[in-house]
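Numbering follows full-length UniProt numbering, in which position 269 of the sequence shown is assigned residue number 269; successive positions increment by one, without gaps.
Note that the Cβ used here is the ideal one computed from N, Cα and C, for glycine as well.
Report on the structure given below.
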Amino acid sequence: MPREDIAQFTIRSVQVLAEDGTVDEDLAPSLSDDELLDCYEAMKRARRLDERAISLQRRGELGTYAPAIGQEAAQVGSAFAMDEDDWIVPSFREQSALMVRETPPQQILEYAMGMEEGAEIPVDEHALPPAIPVGTQPLHAAGVGWGEAIQESPNVALTYFGDGATSEGDVYEALNFAGVYDAQTVFLCQNNRYAISTRLEDQTAAETLAQKAIAAGIDGVRVDGNDVLGVYRVVSEAIERARDGDPTLVEALTYRRSMHTTSDDPSVYREAAEEDEWEARDPIVRFQVYLENRGLLDEETKATIDERVESEIADAIDRVNAARDELDPADMFRHVYAEQPPELERQAAAFERKGDRDG
Numbered sequence: 001m002p003r004e005d006i007a008q009f010t011i012r013s014v015q016v017l018a019e020d021g022t023v024d025e026d027l028a029p030s031l032s033d034d035e036l037l038d039c040y041e042a043m044k045r046a047r048r049l050d051e052r053a054i055s056l057q058r059r060g061e062l063g064t065y066a067p068a069i070g071q072e073a074a075q076v077g078s079a080f081a082m083d084e085d086d087w088i089v090p091s092f093r094e095q096s097a098l099m100v101r102e103t104p105p106q107q108i109l110e111y112a113m114g115m116e117e118g119a120e121i122p123v124d125e126h127a128l129p130p131a132i133p134v135g136t137q138p139l140h141a142a143g144v145g146w147g148e149a150i151q152e153s154p155n156v157a158l159t160y161f162g163d164g165a166t167s168e169g170d171v172y173e174a175l176n177f178a179g180v181y182d183a184q185t186v187f188l189c190q191n192n193r194y195a196i197s198t199r200l201e202d203q204t205a206a207e208t209l210a211q212k213a214i215a216a217g218i219d220g221v222r223v224d225g226n227d228v229l230g231v232y233r234v235v236s237e238a239i240e241r242a243r244d245g246d247p248t249l250v251e252a253l254t255y256r257r258s259m260h261t262t263s264d265d266p267s268v269y270r271e272a273a274e275e276d277e278w279e280a281r282d283p284i285v286r287f288q289v290y291l292e293n294r295g296l297l298d299e300e301t302k303a304t305i306d307e308r309v310e311s312e313i314a315d316a317i318d319r320v321n322a323a324r325d326e327l328d329p330a331d332m333f334r335h336v337y338a339e340q341p342p343e344l345e346r347q348a349a350a351f352e353r354k355g356d357r358d359g
């Protein structure tokens, strides 16, 4: 039997908004002026929350926090593409997307402070709690998307994960499952170039992460993840395909401009020149230039948005601090076991005695 090529594949790469703020009008999505400004404000809100959260953690007022500075376009653009009843299935860095889906900043801060209220999802909100284990949430999203398909519902599940997660077997199993069962799922990989400190080149020999969809028999597409208009367009198209039972893997090529978490020091494993290069590609600055060129954003409008964002984040911090002050730290001993083990009883008693002395 002669040798022959039996299959060929290509991976599309999409950019709508160039780094200089110019736009490809043929690809630009149909968003109103108000929607464009809403996208901009959402990105600014996410950036400011991350900045304040890092400061709070450094002062010892917040636990470990995973900022998404530099990834706002990938999250905001994709979240804006979702319908109200679509499911969001996050990892642990999706505060930008969650706030677009109307999760209040206070709840995100509560989660980072270890308050159980921060992980409580309202019954009418189509969202799953943050997933800390790397790569597990795509499996959940594949199941949710399959469940929606079984019920003949139009709802789609959109899940977020990083480039490091694509090195986990769970992610491929989720892609494969979704392809076999026509799950109504969109898989959004935020390729920020690093799995904590491991460079992308040390994770995979693949030219793109989008091509990992090929083995699962589903669509794969790469988009400039710092281009909020491009992300919105690509994810909107992927969501519409998913409603028809055609899942998609979207690779959003972006860059984590800050640390992996507040326990990380990126200066140990990457060069300042690389960080400077990606600073020039900042997604908020790029979008701001575009809005200014369209006459939608002037100094007065920018100041108004900044003041509104600052007030909202400051108010959220005040409210979460007030809620924390009302908590009884001894509750951590009270709601773990139906019958408290003796060792835990001794620890609780010691904790109470220390509290009495400190008081």
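Item                                                                                                                                    : Value
Y160, enclosing beta strand (DSSP E) - first and last residue                                                                           : A157 to G162
Supposed contact pair R48 and E310 - C-beta distance, whole angstroms, cut 8 angstroms                                                  : 7 angstroms
Sheet register partners of N321 (DSSP bridge)                                                                                           : The partner list for N321 (beta bridge, DSSP) is empty, contrary to what the question assumes.
Backbone secondary structure at F187 - three-state DSSP                                                                                 : strand
Contacts around Q203, its chain only, beta-carbon distance under 7 angstroms, and the 5 residues preceding and following it disregarded : D163, G164, S167 and A195
Proximity to residue 361 [Cα-Cα], best of R45, G179 and M332                                                                            : The structure shown has nothing for residue 361, since the chain only spans 1 to 359.
Helix, strand or coil at D83 according to DSSP, with G and I counted as helix                                                           : coil
Any 3 or more C-beta pairs closer than 8 angstroms across the region 4 to 13 and the region 25 to 34                                    : no
Backbone secondary structure at T304 - three-state DSSP                                                                                 : helix
Residues bridged to S13 [DSSP beta-bridge criterion]                                                                                    : R222
Exposure label - R93; buried when at least 16 CB within 10 Å                                                                            : buried
E292 - containing alpha helix (DSSP H), residue span                                                                                    : P283 to N293
8 angstroms contact criterion, which G230 and L17 should meet: CB distance rounded                                                      : 6 angstroms
Check whether G77 and V228 have beta carbons under 8 angstroms apart                                                                    : yes
Selected residue, minimal CA-CA separation from T208, among R353, N321 and V250                                                         : V250
L253 vs L36 beta-carbon contact at 8 angstroms                                                                                          : no
Segment contact, 8 angstroms Cβ cut-off, at least three pairs: the region 131 to 141 with the region 102 to 117                         : no
Whole-angstrom C-beta distance between N155 and W87, which should lie under 8 angstroms                                                 : 6 angstroms
For R3, three-class secondary structure by DSSP                                                                                         : coil
Among Y181, A216 and I150, nearest to V171 - alpha-carbon criterion                                                                     : A216
Spatial distance of P266 from H260 (CA atoms)                                                                                           : 8 angstroms
From E312, R193, S96 and E125, residue whose alpha carbon lies closest to that of D83                                                   : E125
Contact check, A149 vs V186, beta carbons under 8 angstroms                                                                             : no
Beta-carbon proximity of E72 to I284, cut-off 8 angstroms                                                                               : yes
Closest by C-alpha distance to A314, when choosing among P104, R3 and V89                                                               : P104
Where T166 sits in the DSSP three-state scheme                                                                                          : helix
Whole beta strand (DSSP E) elements within the region 236 to 266, 3-residue minimum                                                     : 248 to 253
Closest Cα partner of A350 within the set F333, R52 and E339                                                                            : F333
Same chain only: Cβ atoms within 6 angstroms of S96, ignoring 5 sequence neighbours per side                                            : A46, A68, E72, Q75 and V76
G145, enclosing alpha helix (DSSP H) - first and last residue                                                                           : Q137 to I150
N-terminal and C-terminal residue of the alpha helix (DSSP H) that A42 is part of                                                       : D33 to R58
Buried/exposed call for A151, threshold 16 Cβ in 10 Å                                                                                   : One detail in the question is off: residue 151 reads as Gln in this sequence, not Ala. Flag for Q151 reads exposed.
R233 versus D33, I54, A79 and L297, residue with shortest Cα-Cα distance                                                                : A79
N-terminal and C-terminal residue of the alpha helix (DSSP H) that Y111 is part of                                                      : P105 to A112
Beta-carbon proximity of G145 to A157, cut-off 8 angstroms                                                                              : yes
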